[in-house]
Amino acid sequence: MHYRTLGKTGLKVSVIGFGTIKFPQIDPKQASEAINRALDLGINFIDTARNYGDSERKIGLAIRGRREECYIATKTSSRTYEGAMRDLETSLKELQTDYIDLWQLHNICDMKRWREVTAPGGALEAAREAKEEGKVRHIGISSHRALDVMKEAIRCGDFETIMVLYNPLDEENTGHEIIPLAQRHNIGVIAMKPLSGGTLALPLSDEERERNHRSSGGEWFDPIVRGCLRFIISNPAVSTVIPGMRFTWEVEENVKSADMPPMTQEEKDALIRGIGKLRKTYKYSQECLRCGYCLDACPQNIQIPEVFRAVYVYRAYPEETRYMGLEIYQSLAVSPEECIECRSCVERCPAGIEIPERLKEAAEFFKEVIRG
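Each residue of the sequence shown is one higher than the one before, counting from 31 in this note's numbering.
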């Protein structure tokens with residue numbers, strides 16, 4: 031494993047970190063096995079958030095006895111001082127720790143939210159106070175595609191890190207503008223969504239991936255996943271990348287990317303050309319980030335990212351594998367037709383997708399598919 035300095039924090043973090051947005055999908059035993067395997071292999075940066083379901087609790091259980099081997103980063107989605115402080119106390123309790131290494135203001139996706147968190151009585155005020163009290167050691171911010179917010183955050187002087195969406199599909203703005211600006215201001219860069227929310231991967235199930243990994247003695251790998259991780263860590267201005275992981279075999283596969291040589295420009299260009307056609311697919315054009323923020327907002331419990339993924343797989347993958355999109359759709363517990371158009375999901379969506387309209391389109395699309 032290789033390590034880089036996380037900007038002004040001075041922390042030496044592993045170039046491959048551990049994203050835990052998927053932890054609500056697994057049980058505590060699986061989470062503990064994955065995290066402990068990651069620690070054994072040199073990963074020392076674990077990222078979570080207050081609104082990632084029970085992920086903080088599972089991390090807290092997993093790192094008992096190993097707290098000093100890792101840096102814990104979590105986030106608050108609250109915009110107010112009071113709300114952020116409540117989130118912090120809950121995070122400390124769930125993580126079973128008396129301090130957070132990096133506390134981030136979560137998903138500041140437009141200037142309205144930026145003004146709310148930075149105003150008197152906003153979440154930034156809570157972060158400053160928590161740092162003075164020693165409950166938080168460093169302060170960061172996350173944003174997806176709001177370039178104006180990211181530029182303000184980098185220049186204002188309050189934040190030591192910035193978490194940005196960065197991968198071969200989404201590299202133009204962050205790669206060309208934000209990351210170089212952060213580097214000039216010594217702001218640590220954390221790359222999220224390295225696979226564009228799962229878009230950039232072979233169309234294989236978890237079971238197939240694990241079977242390939244085990245049967246090959248750990249030598250099998252997804253060339254697209256490895257290519258994306260290498261692409262990101264080949265940028266020396268990126269301190270760490272945080273692929274979402276759930277299983278030990280994922281950890282073992284991803285860690286190998288850290289020991290590979292940096293990509294040449296020719297390799298980068300070839301990778302971008304190879305996946306460039308995805309820009310024209312349904313999923314990319316609708317900009318679904320598969321962040322999952324919409325899920326808690328839906329009173330009908332529609333698995334919105336999975337609906338979009340089903341359409342994407344059916345339309346984007348080769349004919350011999352597109353059936354998997356229909357299988358995903360037919361396995362949904364709740365049909366997108368159950369949408370009541372309350373728009374709670376739209377309010378939570380960092381990409382501003384008109385989700386109710388897209389759900390209707392998806393339902394009609396698969397009706398046509400089934401009719402043949």
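Think of the CB as a built atom: it goes at the ideal place given N, C-alpha and C, for glycine as much as any other residue.
Quick caveat: nothing in here was measured; it's all calculated off a predicted structure.
Minimum C-alpha distance to residue i - residue among the options
{"i": "A363", "options": "E384, G382 and N331", "result": "N331"}
{"i": "A156", "options": "V337, T110 and P273", "result": "T110"}
{"i": "A288", "options": "E238, C258, I302 and G382", "result": "C258"}
{"i": "P291", "options": "R260, G274 and I305", "result": "R260"}
{"i": "P54", "options": "K298, V255, F277 and E367", "result": "F277"}
{"i": "T106", "options": "L41, R80, N74 and H174", "result": "R80"}
{"i": "G47", "options": "Y33, P58 and T39", "result": "Y33"}
{"i": "E377", "options": "R143, F395, Q333 and R352", "result": "R143"}
{"i": "I102", "options": "R345, G113 and G90", "result": "G90"}
{"i": "G113", "options": "K161, C100 and L135", "result": "L135"}
CA-to-CA distance, residue j to residue i, given in whole angstroms
{"i": "D117", "j": "A327", "result": "18 Å"}
{"i": "V285", "j": "M31", "result": "7 Å"}
{"i": "T120", "j": "N137", "result": "19 Å"}
{"i": "C369", "j": "V343", "result": "22 Å"}
{"i": "D77", "j": "G402", "result": "44 Å"}
{"i": "M115", "j": "H206", "result": "35 Å"}
{"i": "E201", "j": "L195", "result": "8 Å"}
{"i": "K92", "j": "N66", "result": "One point to set straight first is that residue 92 is Ala, not Lys, in the sequence displayed. Distance between the alpha carbons of A92 and N66 is about 7 Å."}
{"i": "R87", "j": "S62", "result": "11 Å"}
{"i": "E2", "j": "N265", "result": "Nothing about residue 2 can be reported from this structure: the residues present for the chain run from 31 to 402 only."}
{"i": "A153", "j": "S172", "result": "13 Å"}
{"i": "I272", "j": "L225", "result": "10 Å"}
{"i": "K298", "j": "Q126", "result": "41 Å"}
{"i": "I305", "j": "F75", "result": "29 Å"}
{"i": "I400", "j": "L389", "result": "17 Å"}
{"i": "V341", "j": "G83", "result": "26 Å"}
{"i": "E238", "j": "M222", "result": "25 Å"}
{"i": "I383", "j": "R94", "result": "40 Å"}
{"i": "I358", "j": "N242", "result": "21 Å"}
{"i": "R97", "j": "L69", "result": "10 Å"}
{"i": "S108", "j": "P380", "result": "15 Å"}
{"i": "I254", "j": "P198", "result": "10 Å"}
{"i": "E240", "j": "D252", "result": "11 Å"}
Residue i classed as buried or exposed, judged by whether at least 16 other C-beta atoms fall within 10 angstroms
{"i": "A300", "result": "exposed"}
{"i": "S315", "result": "Confidence at S315 is low in this model, with a pLDDT of 43, below 50, so the placement of that residue should be treated as unreliable; the coordinate-derived value is given next. It is exposed - the Cβ of S315 has fewer than 16 other Cβ atoms within 10 Å."}
{"i": "K165", "result": "buried"}
{"i": "K123", "result": "exposed"}
{"i": "K310", "result": "Reliability fails at K310, whose pLDDT of 49 lies under 50, so the model's placement of it is uncertain and no value is given."}
{"i": "M141", "result": "exposed"}
{"i": "E280", "result": "buried"}
{"i": "C186", "result": "exposed"}
{"i": "K313", "result": "Residue confidence for K313 is low, a pLDDT of 44 falling below 50, so the modelled location carries little weight and cannot support an answer."}
{"i": "Q295", "result": "exposed"}
{"i": "Q360", "result": "exposed"}
{"i": "S246", "result": "exposed"}
{"i": "G40", "result": "exposed"}
{"i": "R244", "result": "exposed"}
{"i": "E190", "result": "buried"}
{"i": "K59", "result": "exposed"}
Which residues DSSP lists as bridging residue i, in chain order
{"i": "G151", "result": "DSSP output for G151 lists no bridge partner at all."}
{"i": "V194", "result": "A221"}
{"i": "Y33", "result": "S44"}
{"i": "G49", "result": "D77 and G274"}
{"i": "A11", "result": "Here the chain comprises residues numbered 31 to 402, so residue 11 is not present and cannot be evaluated."}
{"i": "G170", "result": "Q134 and T191"}
{"i": "T110", "result": "G152"}
Presumed contact (8 Å Cβ cut-off) between residue i and residue j, rounded CB distance
{"i": "D131", "j": "R167", "result": "5 Å"}
{"i": "G49", "j": "I217", "result": "Rounded, the Cβ-Cβ distance is 20 Å, inconsistent with contact."}
{"i": "C324", "j": "I385", "result": "6 Å"}
{"i": "H215", "j": "I169", "result": "That pair is no contact at about 14 Å."}
{"i": "L267", "j": "A212", "result": "Position check: residue 267 holds Ala in this sequence, whereas Leu was assumed. Right, the Cβ-Cβ distance comes to about 7 Å (below 8 Å), so this counts as a contact."}
{"i": "P335", "j": "C318", "result": "6 Å"}
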